[in-house]
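Down below is the structure, laid out as structure tokens.
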Amino acid sequence: MTEKLLVAMIGGEEFNTGVIYGHETKIIEVKPYGQFWTKEYLDSLTKKWTVSNAIDFIEDDTIIVDELDSYEQSYDTFEPVDSKQEYLMLAYHFVGKNNSDYSKKNIADLTVNDLEHTMTYCRIKHVKKEKSTYQITLVGIGRHTIESFNYEGASSDKLIDVISVNTNKYPYRTTSTDFTAETSLLTQIEEATTELAQSEVWQRIAYNMFAIHPYSSRNSFDNESQKYLPPITADSTIVDLILSILFFTIADNLTKYNVLNADKTMDQLQILKEYILSFRDMENWSPKELATFDSIGLFNESDSKTNSKRKTKKTKSGAKGDAVSDALVENEINKKVKDNLEKQQREFLLKEKLRAIKESLQENDSDPEEEESEYSKIMKDDVKKQMFPESVTKLIKAESNKLKGMMSGTPDANISASYINILKSMPWRKVEIETLDIKKAREILDKNHYGLGEVKERIIEYLSLIINHKNEAQKSKGKSLLDFDENHQIDMELFKEDEQSTKVQKNFNNVPILTLVGPPGTGKTSLARAIAEALNKSYVKISLGGVHDESEIRGHRRTYVGSMPGKIIKAIQKSGVSNPLILLDEIDKMSSDYKGDPSSAMLEVLDPEQNTKFQDNYLEHEYDLSKVMFIATANYYENIPAPLLDRVEIIELNSYTINEKVKIAREHLLDICTRQAGLKPEQFQIEDSVIEAIIKHYTAEAGVRALKRQFDKIARKIVTKIVSGENIKTFVIDLQTAFDLLGTPKFSELDKISQPQVGVVNGLAYTSIGGSTLQIEVSQYENKNGGFKLTGSLKDVMKESASIAYSFVRSNAKKYDINFDFESNEVHIHVPEGAVPKDGPSAGVTFTTALISALSNKPVPQDVAMTGEITLRGRVLEIGGLKEKSFAAFKKGIKTVFIPKSNQKNLIDIPEEVKKAIKFVPVENYDEIYSVLFK
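Using numbering that gives the first Met the number 0, read the sequence shown as starting at 0 and increasing by one per residue.
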């Protein structure tokens with residue numbers, strides 16, 4: 000038979016190829032080559048198979064071939080567009096087989112003598128182009144042997160000149176005498192394969208065949224390839240069954256070719272059997288794993304035959320005397336040694352080939368010098384290389400040597416490479432040159448933030464302490480600071496093993512961690528940025544809100560898939576220096592679960608006595624955090640765990656008053672808003688009174704974020720007018736214009752203060768978003784059971800506070816002129832906004848006043864508010880958050896606020912603007928409130 004010839008390069012990394020046995024369907028990848036397989040011809044084949052008639056070409060294919068009869072039988076219903084079938088002979092070349100010249104890995108280098116003698120006759124089923132590669136789907140029909148080659152023009156030995164091949168049919172042969180033996184051996188092989196696949200040794204066998212074997216079929220034998228196999232039915236031939244076993248035992252292409260090349264099916268089964276038996280010798284198996292092999296019948300039969308031969312030898316040799324017996328034993332030992340040496344030589348050869356392939360791939364795909372250029376340059380410089388501690392340098396070398404012995408592309412190699420890159424990218428002893436100028440720090444704080452006088456003063460004191468410590472440290476260091484470049488130095492005090500120097504280093508960095516606490520939008524994060532700017536430090540923000548896994552702080556161990564360093568180490572790596580300013584944002588929002596408590600992990604980070612040897616699980620090398628400046632932010636300091644709170648210094652940022660918000664808007668927000676919108680200052684002109692109206696009617700917040708959003712909304716409206724074609728050179732925003740642009744006001748001043756009411760009293764609350772007012776309502780009605788009930792989503796402490804107030808009022812009913820039958824009437828206490836959870840004891844006096852008002856039918860003025868914890872004896876106890884509560888009362892228009900007398904000391908913190916508008920009445924006992932409101 001004469002047919003066109005296609006060559007499959009087995010063992011090369013460029014293409015997905017493989018041996019086709021029996022009636023298997025397989026995709027062979029090729030690129031244009033030679034006189035026949037040109038780009039034009041391959042493109043013409045691709046056009047013959049259209050998308051419409053290629054649907055389900057794999058799943059619906061049915062192959063029924065009688066090799067002994069004819070090739071002319073129709074195998075399936077799929078036809079090319081022109082209804083003409085295409086056939087070819089698939090020849091094989093094994094790259095590097097028999098220690099041949101490994102450079103023969105391109106078809107252009109091959110001669111006809113480099114091809115294997117047996118080929119597969121195939122039908123072209125589908126052709127698809129992927130970039131410069133063509134994927135030809137072939138269906139196996141039968142096997143042939145080479146007779147001669149036909150060339151284009153003069154005869155040549157080069158394969159690229161071959162246009163067709165003349166072959167002889169080489170059918171799969173079986174005889175009736177071998178059928179019983181074949182069936183028995185096939186059953187043994189199937190049972191052995193099934194038992195191995197279900198055992199613990201199968202994973203290592205598969206790894207050897209996939210990752211290590213030079214002719215691995217890893218590109219062919221996968222879940223996707225399983226549907227290419229002929230279906231196994233009652234009519235399946237032994238050839239089909241052998242193909243199925245080849246697939247499920249992950250047979251390499253060389254073994255598959257040996258099966259293809261064997262004359263009879265019995266010979267093919269023997270090759271398959273020897274292949275499976277070789278699994279026992281491919282690894283240094285443990286005794287337990289060897290027992291797994293010994294429990295399988297196929298291996299037992301093989302071992303028993305070997306043992307019986309040995310016994311026969313011993314019996315025969317025993318008659319000749321001990322000398323002959325010893326000689327036989329020695330020969331057997333020599334044979335074992337020889338086999339082991341041959342095995343070791345083969346393994347060495349394969350490893351050398353793998354190393355050559357890996358080096359070749361590295362040369363083609365990447366430039367090692369470029370990857371390690373920065374590290375290599377540093378290590379060549381005698382001064383700069385001191386940035387890496389000696390222990391780190393040793394660790395990098397050890398990991399690099401380990402990586403060289405790994406197969407590239409394996410998970411272990413990728414993990415090691417990532418680990419080495421992180422070790423090299425860490426700054427270690429590299430530090431930034433800081434600005435130690437307190438005057439400049441003060442100027443930057445004043446420039447970026449309005450007001451906050453006390454807060455700024457606390458920050459300046461804090462920075463002064465740090466600057467003083469650093470000045471003292473520089474005097475004592477002498478030559479411990481080496482120049483790295485213009486902006487960086489190498490601090491030799493970092494990562495010192497000497498215990499004495501470590502103690503000195505701790506003393507110079509024993510500065511409390513600054514924690515800014517306040518409602519959202521009050522400038523905590525921007526203050527941290529300003530501090531970094533004042534000290535000329537790199538600034539990195541770590542968001543801790545919602546963090547519930549300790550590993551996010553300390554990192555994951557490298558044994559886990561996708562492991563990485565913790566947030567602290569990643570922040571230092573990102574900054575590129577070991578003395579950045581790290582902002583720990585929302586430190587009060589961390590939570591704990593079964594994975595650990597991240598707040599406990601933060602103790603080591605923030606404690607100057609411990610953080611010189613911070614341990615990250617991924618890094619596996621201690622890291623010195625003593626030069627890092629940590630600043631934390633929180634909305635509510637009571638949510639910070641007590642051990643963590645003990646290690647930080649709290650600076651509270653309170654809500655802004657309306658006047659402060661107006662000035663912040665005038666000095667900062669308007670400029671930012673016009674710049675972001677691309678407007679000129681004259682195109683956004685607004686009076687202070689309009690800004691105040693926007694604050695009152697469109698915002699209800701402690702900070703200025705919502706106010707900034709309202710300005711942005713106005714700016715967008717103006718920009719839309721300009722883009723629409725209006726000629727706006729100046730734009731003045733008056734009160735009516737602001738309302739038109741912003742829409743219906745969200746808040747109204749009309750409902751703030753109303754007429755005195757019975758059973759309704761204003762209370763004051765303090766939350767994580769600032770202060771707020773809440774009205775407490777009380778009503779009563781007949782109920783034979785008496786008692787009282789609470790509504791409004793109240794938590795335990797607030798429920799107890801209401802219960803105490805009820806008991807206090809009931810026990811003092813006569814004293815407060817209450818004529819009320821508690822036994823036959825029920826009292827209902829409600830705190831509006833029922834969807835919002837509420838807690839705390841500070842509403843005790845408010846509950847008491849509302850109960851007395853409702854039960855004695857005496858109205859309470861609505862411009863009065865109160866806060867304080869009540870006791871059963873009527874004492875009014877101290878509360879927290881008075882400043883924020885006073886701001887809330889001021890915004891609502893409250894004129895009088897009753898506060899506990901023990902809170903009188905906190906009035907000094909309240910702005911004069913608020914104290915002028917509100918009369919604060921300190922009380923020690925509830926009788927003082929009663930005498931003012933009800934007498």
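Backbone N, C-alpha and C define an ideal beta-carbon position, used for all residues, glycine too.
Quantities reported herein were computed from a predicted structural model and do not represent experimental measurements.
Let me check one thing: in DSSP terms, what residues is residue i bridge-paired to?
i       : result
TYR133  : VAL29 and LYS128
CYS121  : LEU87 and GLY139
LYS540  : LEU582
GLU460  : Per DSSP, none; premise fails for GLU460.
PHE897  : MET865 and VAL920
GLN684  : VAL731
GLN779  : VAL826
LEU513  : ILE630 and GLU648
PHE494  : In the DSSP output, where bridge partners are listed per residue, PHE494 has none listed.
GLY1017 : Outside the modelled stretch of the chain, which goes from 0 to 934, sits residue 1017, for which no answer is possible.
ASP482  : GLN488
GLU431  : HIS487
GLU2    : VAL164
Just to confirm before moving on: does the CB-CB distance between residue i and residue j stay below 9 Å?
i      : j      : result
ALA764 : ALA887 : yes
LEU464 : LEU422 : no
LEU44  : TYR171 : no
ASP687 : ARG665 : yes
LYS128 : GLY10  : no
GLY17  : ASN252 : yes
ILE694 : ILE657 : yes
Figure out for me which residue from the options has the closest Cα to the Cα of residue i.
i      : options                           : result
ILE586 : LYS523, LEU242 and ARG354         : LYS523
PHE292 : LEU195, ALA261 and ILE249         : LEU195
LYS540 : HIS547, GLU549, SER131 and LEU526 : LEU526
VAL777 : PHE846, GLU822, ILE898 and GLU927 : PHE846
ILE851 : HIS827, PRO836, GLU832 and PRO840 : HIS827
ASN167 : ILE145, VAL161 and SER183         : ILE145
HIS620 : PRO388, ILE459 and ILE241         : PRO388
ILE907 : LYS894, LEU881 and THR848         : LEU881
PRO840 : LYS798, LEU89, THR514 and ASN761  : LYS798
LYS47  : LEU669, VAL430, GLN609 and HIS125 : HIS125
TYR636 : GLY404, VAL796, GLY879 and PRO744 : GLY879
SER598 : ILE639, ILE928 and LEU297         : ILE639
ASN207 : HIS92, LYS350, PHE178 and LEU271  : LYS350
Which of helix, strand or coil does DSSP assign to residue i?
i      : result
ARG557 : coil
ARG172 : strand
PHE247 : helix
PRO607 : coil
MET628 : strand
ALA205 : helix
PRO410 : helix
VAL18  : coil
ARG874 : strand
PRO757 : According to the sequence provided, residue 757 is Val. The question's Pro does not apply to it. If DSSP states are grouped into helix, strand and coil, VAL757 belongs with the strands.
ALA601 : Rather than Ala, the amino acid found at residue 601 in this sequence is Met. Correct three-state label for MET601: helix.
ILE295 : coil
LYS891 : helix
LEU44  : helix
TYR636 : helix
MET265 : helix
ALA842 : coil
PRO910 : coil
Should residue i be labelled buried (16 or more other beta-carbon atoms within 10 Å of its own) or exposed?
i      : result
ALA834 : exposed
GLY408 : exposed
TYR418 : buried
GLN267 : buried
ALA864 : buried
ILE946 : Since the displayed the chain opens at 0 and closes at 934, residue 946 lies outside it and no answer follows.
ALA107 : exposed
MET425 : buried
Consider the C-beta atom of residue i and the heavy atoms of the ligand ZN; say whether any pair is separated by less than 8 Å.
i      : result
ASN616 : Summarising the ligand content, the structure contains no ligands, and the ligand ZN is consequently not present.
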